[in-house]
DNA sequence: ACATTATGTTAAGTATACATTACATTATGT
DNA sequence: ACATAATGTAATGTATACTTAACATAATGT
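Chains as they are written, first to last, in our numbering: chain H, 9 to 75; chain A, 9 to 75.
Here it is in structure tokens:
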């Protein structure tokens, strides 16, 4: 199962979903879906998010065992 | 533009495209397309590839300026 | 030379990432 | 209390990741 720290890091920079979306080229809804874990973004978008949030992709996203 | 080191690391482990595909749950064609840079895989698949190829996602994939 | 395995590539179909629009709810500030 | 900004969420549409099947060529081993 895919987990992420987008919401946490976005808050650290005080970016709204809309602002973060603009910075990486997607809509605020897309950011919302990613934060909720509703889909697995492309590596291209993931790299952009990691860049803007100043971290490594591996620190932003990781896989956890299911239940 | 998205670049990657999949082919290079796959060779290092002497995996065929088919074997690598099996290990991460996709077909050999998908591995071939990724190596050619024909599409941007999901972060889920990227994490699995990095795990099997024993590296970080950021070392496997990166963005470069155009043309 | 032959068989076998790995790779390149193309076409057509399915699944899903992401956009757009819209409306409701929850902050935040005055 | 009111206005405004931020978020949740759902419906429908489009782009693209990924599959399946097929055939061709290159590489490797006997």
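Ideal placement from N, C-alpha and C gives every residue a C-beta, glycine not left out.
Residue i: contacting residues in chain H (beta-carbon distance under 9 Å)
{"i": "residue 32 of chain A", "result": "Correct list: empty, because the minimum Cβ distance to chain H is about 11 Å."}
{"i": "residue 61 of chain A", "result": "Per Cβ cutoff of 9 Å: no residues; residue 61 of chain A is ~13 Å from chain H at best."}
{"i": "residue 17 of chain A", "result": "Ordered by position in chain H, no residue passes the 9 Å Cβ test against residue 17 of chain A, which lies about 15 Å from the chain."}
Residues bridged to residue i (per DSSP)
{"i": "residue 69 of chain A", "result": "A:12"}
{"i": "residue 50 of chain A", "result": "H:50"}
Residue environment, residue i, which counts as buried when at least 16 other CB atoms sit within 10 Å
{"i": "residue 20 of chain A", "result": "exposed"}
{"i": "residue 69 of chain H", "result": "buried"}
{"i": "residue 22 of chain A", "result": "exposed"}
{"i": "residue 29 of chain H", "result": "buried"}
{"i": "residue 37 of chain H", "result": "exposed"}
Cβ separation of residue i and residue j, assumed to be a contact under 8 Å, to the nearest whole Å
{"i": "residue 51 of chain H", "j": "residue 10 of chain A", "result": "7 Å"}
Chain-ordered chain A contacts of residue i [CB-CB under 8 Å]
{"i": "residue 39 of chain H", "result": "What residue 39 of chain H touches in chain A: nothing, since even the nearest Cβ is about 14 Å away."}
{"i": "residue 24 of chain H", "result": "Going along chain A, no residue has its Cβ under 8 Å from residue 24 of chain H, so there is no contact; the nearest lies around 22 Å."}
{"i": "residue 64 of chain H", "result": "64, 65, 66"}
Within chain A, partners of residue i - CB distance below 9 Å
{"i": "residue 35 of chain H", "result": "Within 9 Å Cβ-Cβ: nothing; residue 35 of chain H doesn't reach chain A, min ~18 Å."}
Partner residues on chain A for residue i, Cβ-Cβ distance less than 7 Å
{"i": "residue 21 of chain H", "result": "Those do not exist, as residue 21 of chain H stays about 19 Å from chain A at its closest Cβ, beyond 7 Å."}
Sequence-distant residues of its chain with Cβ nearer than 8 Å to residue i (five each side left out)
{"i": "residue 58 of chain H", "result": "64, 65, 67, 68"}
{"i": "residue 15 of chain H", "result": "43"}
Contacting residues, own chain, Cβ-Cβ under 7 Å from residue i (five flanking each side not counted)
{"i": "residue 32 of chain H", "result": "53, 56, 57, 60"}
Listed by chain order, chain H residues near residue i by CB distance under 8 Å
{"i": "residue 28 of chain A", "result": "In chain order: nothing, as chain H lies at least about 16 Å away."}
Close beta carbons around residue i, own chain, < 6 Å, minus the five adjacent residues each side
{"i": "residue 72 of chain H", "result": "9, 11"}
{"i": "residue 17 of chain H", "result": "61"}
{"i": "residue 102 of chain H", "result": "Because residue 102 of chain H is not part of the residues shown, which for chain H are 9 to 75, the question remains open."}
{"i": "residue 49 of chain A", "result": "42"}
{"i": "residue 46 of chain H", "result": "none"}
{"i": "residue 13 of chain A", "result": "68"}
heavy atom of the ligand HEM below 7 Å from residue i C-beta
{"i": "residue 15 of chain A", "result": "Looking at this structure, you won't find the ligand HEM or any other ligand, since it has none at all."}
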